[in-house]
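Each remark here refers to the structure printed beneath this line.
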Amino acid sequence: MIFFVLRRSFFAIVLLLIVSAFTFVIFSALPSDPAALTCGKNCRPEVIESNRERLGYDRPLVEQYGAYMKGIFAGRTYGEEGSSIHCSAPSLGYSYDRHECVTTLIASTLPVTASIALGAFVLWMVIGVGLGTLAALKRGRWQDRVATAFSVIGVSLPTFFLGLIFIMVFVIWTGLLPFPRYTGLTENPVEWFMSLLLPWFVLAIISAATYVRMTRNGILEVMNEEFVRLGIAKGLPRRRLIVTYVLRAALVPIVTIAGLDFAFLLGGALVTESIFNLPGLGKLTLAAVINSDLPILVATTMVSAVFIVVANTVVDILYGYLDPRVRVK
Amino acid sequence: MKVRSKVLAIVALVGLVAGACGGSGDGVQSGEESGGLSATLDGVKDGGTLYVLTSAEGASTLDPQRVYTGAELGAWGSTFARTLTSYKPVAGKDGTSLVADMATDLGTASDDLTTWSFTLRDGITWEDGSEVTCADVAYGVSRTFGSEVTAFDGPQYAVSYLDIPAGDYDTDSAYPGPWLATEEEQALFDEAVSCDGKTITFNLKVPVADFNFTVSLLAFAPVPEAQDTADQYGLKPFSNGPFKVETYEEGKELVLVRNENWNAESDEVRAPKVDKIVWQFGLDETVIDERMLADSGDDKNAIVYGGILPVNLQTVFGDESLKDRRTDGFDGFVTYTMLNIKTVSCLEVRQAIWLALDREALRTAAGGPFTGEFAQSFVAPLLTTDYAPAKLLDGTKGDGTPNTKAAIAKMNEAKEKCPEVYAKATEDGLRFDHPDTDTWKKYMAIWIDTLGAAGIKINDNPIEQSKYYATINGDQGDLMSAGWAADWANASTVLPELFGKGGGFNYHNNEEDPAFAEFQTKAEEAKMETDRAAQAKLWKELNQYVIDQVWSIPGSASKAQNIVGSNVRGAYQWLPFGWYNLGDLGLAG
């Protein structure tokens, strides 16, 4: 098992290096000129060239990538002495648009996204798995039909539409909730909770829809397995059979997908954050796209990739625990 | 040139969609509306929190030397960045009158207008209670030269006016700004800007009659050297006004609170009323409009930065109950199409282009009449002293539709008078440079189609948006798109800048045009004229002259619509900035 974990971790690191190089190359190849973006409307072509040289964008891509990677471990100084800016390690670049080290920006937005992701994840797992289990156990009855209808509607609803509907209904028309305005958990837990309530439910409804289907199908499939029929034949209590054997077996693939979905969400709930004005990683990325802020784009893409790769690795390791056949392979 | 904020650009973009859906075509029409009750101080009380709702992710910058957006110049100037001079804080034409702010008067000029002195009032303090000194003003001005930090973001008048030798730095100056200057280089600046007690003297390399207007720009605002954090100064600028920055987080909010060390006795311009101003960034535009229409809770104390979505204009301007909360007026911008006089040297061809152009189709593509009125001047209507609608080219239709017949007649004249340019326009085609945006794709289809009807061929040349102005700075097409707003309430920042020798934004290559010499002589005369009424008369004549030469084709005098919460008072349009006087807004109820 230790060898399995080490092997997976090693491949994760290699994958991250490949992703970082790939991301760097892709964004460098974009038509937006980072040197031009550091110069206002009064700029001249020669000034852009001068900026390019000063910021190192004129150097070979490999050299730029090397400096970038070095910055992650050793920090980096931008600009000339007298007006220079130092970004401590791990430096993911400097945004000349926002006048901040990118790591600082990510550090301030990540807790927001993590708050959204964590709450939404818990909700969608409870709703999705709960409704899916109910639908499977009440197959063909009204509970099943309601759960299936919820699933179809949830999958069909675009996030921005549901978000706007929630704001209209709960904030503007009825005034039941204040307009979401993010407050840190340590700052004011009640306001933190209130500011995230609507986004959690929006994400939960949309994501839970898929989990209802997966859970329902998984349970129905497992219930046809021979070991379940054996349990029934041997007179195992229904509750114990469902919870201990059926649900456990049915949840293995769901846990795998859930881990990846959670990691994906940690990379930024772009639409939800925008609709509810939550200053998270997704909103930071969106603003960077609009402003062609390449240092932020590269960094947020890499951070998202780290989440996905780490989650993938963790899920793989967990899968190994849950299913011995994986370890044997 | 003041620039439009990103949020306004986004609104304009959205306007295209709505315009295509007839959002502002029939039904309610655009017209001047000044805000009714909300523009008055009726029932206003001291205190409370004013909210500014915007879809922008943040301010363009809070750094005084880098800000160049009209509304922000007014907003920051009225709250935390005082300058030597400012504008009278009133609605209407009077709002363009210059008044002394940190200075005791409007400045003293030498007879040849190359030296200007201002004396600081007593008792002006920073937010830590320390005195604002002449050295602080000089240091603030010096920051514009440090292009590696201020990045040409703000106005460059300090660079072009101050008597500092030319050099090899990016600004073409021998002074690199305060961060990189050697002692010798700093001495060059100190000779141009010197302090004697509370009196600061600016030595200029060219005579400037309205330099006291120039120093009203935040680029001339003081910055204490000890508080300067270079590129990061815009995250927390030091205040000498009635408000100070408490927190600023892009994508979240900017909180301005009252500056307890602001000395009201030293300030005759500002009359703050609220305790706190909270900018909420990154809001969805649809949600902003719905919140403003619902007008409940804190939204009664809110204003919007960025205007109303075109799709909601019918609702807002069709509902009489909103009359006391809405405004509709010019925002100070004029769009126009520059012609390269070196390559399109034939007046008849230029006239034909003008006559063939379908301005109405272009306006419809932009969102309809709410987006603006057909410009009759390169000077915006907000510059009330200098503005007069020019007599447009004979044959121009008032409804903005093309006069193809007259255009063809002009092309026939051109065929005789200037066959080379005629051939270029009809056979090779004229290169049209413009930013590569979705909006411009629609505009170009109209240009190509309507000019094609008059036999003029247009070659589309989209340029990546972030490089557009830098590109045409080095290589001009035959036609180029642009927009302009005055830097201060004087056409001296419009006509000479756009059409004069060494004008900061003159890409017309018009110096070889036989008509140029007369323009330049008159422009110099106007710039030196110290009698404001006489100067305004000269600007109006010059505008007519430029229109007659067709060096550029005026497009649209832009308009903006806005709505405020029902408790907001004092929400008049402050003409020099095309937005509210933010620091003076109050709340009723």
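Same order as they appear, the protein sequences are chains A and B.
Once you know that position 176 of the first sequence is 176 in this note's numbering, the rest is easy, because the numbers rise by one and skip nothing.
The number in this note's numbering is simply the position in the second sequence, starting from 1, with 329 added.
Where a beta carbon is used, it is the ideal one built from N, C-alpha and C, also for glycine.
Please read all numbers here as calculations on a predicted model, not as lab measurements.
Check whether chain A comes within 8 angstroms of A516 (chain B), counting only Cβ atoms and requiring the distance to be less than that. So no, A516 (chain B) is outside the interface.
Can you check whether the C-beta of T103 (chain A) is within less than 8 angstroms of a C-beta belonging to chain B? Not flagged as an interface residue toward chain B: T103 (chain A), since no C-beta distance is shorter than 8 angstroms.
Mind pulling the beta strand (DSSP E) runs of 3 or more residues that sit fully within the segment 612 to 685 of chain B? 631 to 634, 655 to 668
With a Cβ-Cβ cutoff of 8 angstroms, do G377 (chain B) and V586 (chain B) count as a contact? no
Below-8 angstroms beta-carbon distance, R861 (chain B) vs any chain A residue: No, because no Cβ of chain A sits closer than 8 angstroms to the Cβ of R861 (chain B).
Exposed or buried, which one is K746 (chain B) when buried takes at least 16 other CB atoms within 10 Å? exposed
In angstroms with no decimal places, state the Cα-to-Cα distance between R248 (chain A) and F307 (chain A). So the two alpha carbons sit approximately 26 angstroms from each other.
Select from B:G647, B:I801, B:S471 the residue whose C-alpha is nearest the C-alpha of F761 (chain B). B:I801
For R599 (chain B), is the classification buried or exposed, using 16 other Cβ atoms within 10 angstroms of its Cβ as the cut-off for buried? buried
Should H99 (chain A) be flagged as near chain B, meaning a C-beta pair shorter than 8 angstroms? It does: the Cβ of H99 (chain A) has a partner Cβ on chain B nearer than 8 angstroms.
Cα-Cα separation between V428 (chain B) and G729 (chain B), rounded to whole angstroms: 39 angstroms
Is W817 (chain B) helix, strand or coil by DSSP? coil
Could you check what DSSP says for N838 (chain B) in three-state terms: helix, strand or coil? coil
So the candidates are A:V314, A:T272, A:L266, A:A287; which of them puts its Cα closest to the Cα of V303 (chain A)? A:L266
Among A:T186, A:R213, A:F121, the one whose alpha carbon lies nearest that of R145 (chain A): Checked all of A:T186, A:R213, A:F121; the closest Cα to R145 (chain A) is A:R213.
Over what stretch of residues does the beta strand (DSSP E) that includes F761 (chain B) continue unbroken? Note, F761 (chain B): beta strand (DSSP E), 759 to 764.
Chain B within 8 angstroms of L15 (chain A), Cβ atoms only: no
Nearest chain A C-beta to W908 (chain B) closer than 8 angstroms, yes or no? no
Under 8 angstroms by Cβ, that's how I've got F150 (chain A) and A233 (chain A) pegged, so tell me the actual separation to the nearest angstrom. The pair is not a contact, with the Cβ atoms about 34 angstroms apart (cut-off 8 angstroms).
Assign W405 (chain B) to one of two classes, buried (16 or more other C-beta atoms within 10 Å of its C-beta) or exposed (fewer than that). buried
Partner residues on chain B for M168 (chain A), Cβ-Cβ distance less than 7 angstroms: E619
With C-beta atoms as the reference, is G421 (chain B) less than 8 angstroms away from A814 (chain B)? no
Simplified DSSP state of C463 (chain B), which is helix, strand or coil: In the three-state reduction of the DSSP assignment, C463 (chain B) falls in the helix class, which pools H, G and I.
Give me the Cα-Cα distance between T543 (chain B) and Y751 (chain B), rounded to the nearest whole angstrom. 43 angstroms
When the Cα atoms are used, what is the spatial distance from M125 (chain A) to L177 (chain A)? 24 angstroms
Just the chain B side, please: which residues come within less than 7 angstroms of E226 (chain A) by C-beta, in chain order? By Cβ distance, chain B contributes nothing, its closest Cβ being about 54 angstroms from E226 (chain A), past 7 angstroms.
How is G993 (chain B) classed by DSSP in three states: helix, strand or coil? Given that chain B is displayed from residue 330 to residue 918, the structure contains no residue 993 (chain B) and the question cannot be resolved.
Is the shortest distance between the beta-carbon of V310 (chain A) and the beta-carbons of chain B less than 8 angstroms? no
Within 8 angstroms of any Cβ in chain B, is that where the Cβ of R141 (chain A) sits? Residue-level contact check: R141 (chain A) does not touch chain B, since none of the beta carbons of chain B fall below 8 angstroms from its beta carbon.
Roughly how many angstroms separate the alpha carbons of I48 (chain A) and V289 (chain A), rounded to a whole number? 21 angstroms
Write down every uninterrupted run of the alpha helix (DSSP H) in the segment 171 to 234 of chain A whose length is 4 residues or greater and which is fully enclosed by it, in chain order. 189 to 223, 226 to 233
Are the segment 850 to 865 of chain B and the segment 623 to 636 of chain B in contact at 8 angstroms, needing three or more beta carbon pairs? no
By the criterion of Cβ-Cβ separation under 8 angstroms, what are the contact partners of I85 (chain A) in chain B? Annotation: Cβ neighbours of I85 (chain A) in chain B (cutoff 8 angstroms, chain order): A559, D560, Q561.
Between L686 (chain B) and I882 (chain B), how many whole angstroms is the CB-CB distance? I'm expecting something under 8 angstroms. Rounded to whole angstroms, the Cβ separation of L686 (chain B) and I882 (chain B) is 7 angstroms, and the two are in contact under 8 angstroms.
Within 8 angstroms (strictly less), CB to CB, does G352 (chain B) reach chain A? Low confidence applies here, because G352 (chain B) scores a pLDDT of 34, under 50, leaving its location unreliable and the question unanswered by this model.
Is H86 (chain A) buried or exposed, if buried means 16 or more other CB atoms sit within 10 Å of its CB? exposed
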